[in-house]
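Heads up: the structure comes next, in structure tokens.
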Amino acid sequence: MIREATYFDVPKIVKLTKDFSDDSGFTDVVGYDEEAVKAFALSLIDNENGIILLGSESILAGIVTEHPFNPASKTFVEFVWRAKDKEGLKLLKAAETFAKDKGASVFTMMGIDTMPDITKLHERQGYRKMETTFIKELG
Numbered sequence: 235m236i237r238e239a240t241y242f243d244v245p246k247i248v249k250l251t252k253d254f255s256d257d258s259g260f261t262d263v264v265g266y267d268e269e270a271v272k273a274f275a276l277s278l279i280d281n282e283n284g285i286i287l288l289g290s291e292s293i294l295a296g297i298v299t300e301h302p303f304n305p306a307s308k309t310f311v312e313f314v315w316r317a318k319d320k321e322g323l324k325l326l327k328a329a330e331t332f333a334k335d336k337g338a339s340v341f342t343m344m345g346i347d348t349m350p351d352i353t354k355l356h357e358r359q360g361y362r363k364m365e366t367t368f369i370k371e372l373g
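Here is the structure:
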């Protein structure tokens, strides 16, 4: 069952985002600060344009915001999407509905190279590849 997160879900959100961060390689590059994730989760829960959706072992979090190139265009920006329980598409559809209800005309998803099947899944859902992100450690 897909549902919106509440304050009581913060420990689950921390676990699921840690799993995502580890799987995607972000933990190796930027580390993982549990307190920062807690604060981030609370900020999305408290923001009328933010949402964290949860399944039994899945999460999708994002926010509707004005696009920086055109404030008249509202965009949903996904921060984390991880599904290990076959609820990934349900999460995506629920987030798309939330975004439409908030006036978004665009939905932005990340595709991480360590998860190659995600590009095919995005394309089957009507998404198109628009950019590639590169990361460099400056330490």
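Per this note's numbering, the sequence shown starts with residue 235, numbered consecutively. Every residue gets a Cβ at the ideal spot worked out from N, C-alpha and C, and that includes glycine. As the structure is a computational prediction, the values presented were derived from the model and not from experiment.
- In the DSSP annotation of this structure, residue 316 is not part of any alpha helix (DSSP H); the continuous beta strand (DSSP E) holding it starts and ends at 304-317.
- Excluding the 5 residues flanking it on each side, residue 291 has same chain C-beta neighbours closer than 6 Å at 318, 319, in chain order.
- Annotated three-state conformation of residue 239 is coil, per DSSP.
- For residue 286, the uninterrupted beta strand (DSSP E) run begins and ends at 284-288, by DSSP.
- Residue 316 counts as buried, since no fewer than 16 other beta carbons sit within 10 angstroms of its beta carbon.
- Taken through DSSP and simplified to helix, strand or coil, residue 261 comes out as helix.
- About 29 Å separates the Cβ atoms of residue 301 and residue 244, ruling out a contact at the 8 Å cut-off.
- Restricting attention to 367, 332, 343, 335, the CA atom closest to the CA of residue 361 is found in 343.
- Spatial neighbours of residue 248 in its own chain (CB-CB distance under 7 Å, excluding positions within 5 residues in sequence) are listed in chain order as 268, 271, 272.
- Annotation for residue 369: no alpha helix (DSSP H) segment contains it, and DSSP assigns it neither H nor E.
- Cβ-Cβ distances below 6 Å link residue 251 to 271, 314 in the same chain, with the five nearest sequence neighbours on each side left out; the list follows chain order.
- Assigned with DSSP and collapsed to three states, residue 293 falls in strand.
- In the structure shown, residue 321 adopts coil according to DSSP, grouped into three states.
- Between residue 311 and residue 293, the C-beta gap is not smaller than 7 Å, which leaves the two residues out of contact.
- By the Cβ neighbour-count rule, residue 306 is exposed, with fewer than 16 other Cβ atoms within 10 Å of its own.
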